[in-house]
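Numbering (our numbering), first residue to last: 70 to 208.
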Amino acid sequence: MHCNTGEVFDHLLRIGRMPEKEAQKLFRQLFSAVEYCHQKNIVHRDLKAENLLFDENNNLKLADFGFANVFNTECHLDTFCGSPPYAAPELLSGQKYHGPEVDVWALGVILYMLVCGRLPFEAYTLKVSFVESFEYLRY
70 MHCNTGEVFD HLLRIGRMPE KEAQKLFRQL FSAVEYCHQK NIVHRDLKAE NLLFDENNNL
130 KLADFGFANV FNTECHLDTF CGSPPYAAPE LLSGQKYHGP EVDVWALGVI LYMLVCGRLP
190 FEAYTLKVSF VESFEYLRY
């Protein structure tokens with residue numbers, strides 16, 4: 070599939086934040102794609118604006134399944150994946166997780182970014198949390 074109109078991230082850089090109706094349409098498509106993956110027991114683990122592409126009709130396409138994994142409710146995942154600004158607290162603290170909850174957290178970050186035009190957390194705070202999480206894992 071060829072998505073020739075770019076990333077949601079680049080679109081947000083150009084326009085700032087999205088009008089609520091546009092954000093609603095886009096988020097509904099994203100939620101539907103993630104829900105489909107979860108119904109098939111697939112967790113994406115790298116949801117971010119850079120992995121959301123527009124096709125020629127401005128429909129959303131979910132990309133980059135490089136960190137995706139199969140999950141089930143009886144086993145936990147423990148790999149830190151994705152980008153720190155979109156990472157769920159359990160990832161930053163080194164906890165094991167089932168899978169879907171890390172995608173749901175990233176969905177919330179993306180929704181905030183769509184309607185506010187920026188990430189919900191400051192980069193410095195994330196850097197400190199990220200460093201502390203690795204200090205926690207070391208001991």
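Don't be surprised by glycine CBs; every beta carbon is placed ideally from N, CA and C.
Let me know if residue i comes out buried or exposed under the rule of 16 or more other beta-carbons within 10 Å of its beta-carbon.
i	result
residue 206	Model confidence at residue 206 stands at a pLDDT of 49, short of 50, so the residue's coordinates are unreliable; what they give is reported in the following sentence. So residue 206 counts as exposed.
residue 172	buried
residue 187	exposed
residue 36	Residue numbering for the chain in the displayed model covers 70 to 208; residue 36 lies beyond these limits and cannot be assessed.
residue 105	exposed
residue 249	The displayed coordinates of the chain run from 70 to 208. Any statement about residue 249 would go beyond what the structure contains.
residue 208	A caution first: residue 208 carries a pLDDT of 46, below 50, which makes its placement in the model unreliable, though a value can still be read off. Per the 10 Å Cβ criterion, exposed.
residue 165	exposed
residue 120	buried
Which value, in whole angstroms, describes the spacing of the CA atoms of residue i and residue j?
i	j	result
residue 152	residue 168	15 Å
residue 71	residue 77	Since pLDDT at residue 71 reaches only 46, below the 50 mark, its modelled position is unreliable, and no value is offered.
residue 155	residue 140	20 Å
residue 161	residue 128	32 Å
residue 95	residue 122	11 Å
residue 175	residue 125	25 Å
residue 74	residue 130	11 Å
Please report the residue range of the alpha helix (DSSP H) in which residue i lies.
i	result
residue 116	Unbroken run through residue 116: none, as it is neither H nor E.
residue 107	89 to 108
Looking at the secondary structure, which residues open and close the beta strand (DSSP E) in which residue i lies?
i	result
residue 123	121 to 123
residue 130	129 to 131
My guess is that residue i and residue j are in contact by the Cβ rule of under 8 Å, so how many angstroms apart are they, rounded?
i	j	result
residue 184	residue 89	6 Å
residue 118	residue 81	6 Å
> On the three-pair Cβ rule with 8 Å, is the segment 135 to 150 touching the segment 104 to 112?
Replying inline: Short answer: they touch.
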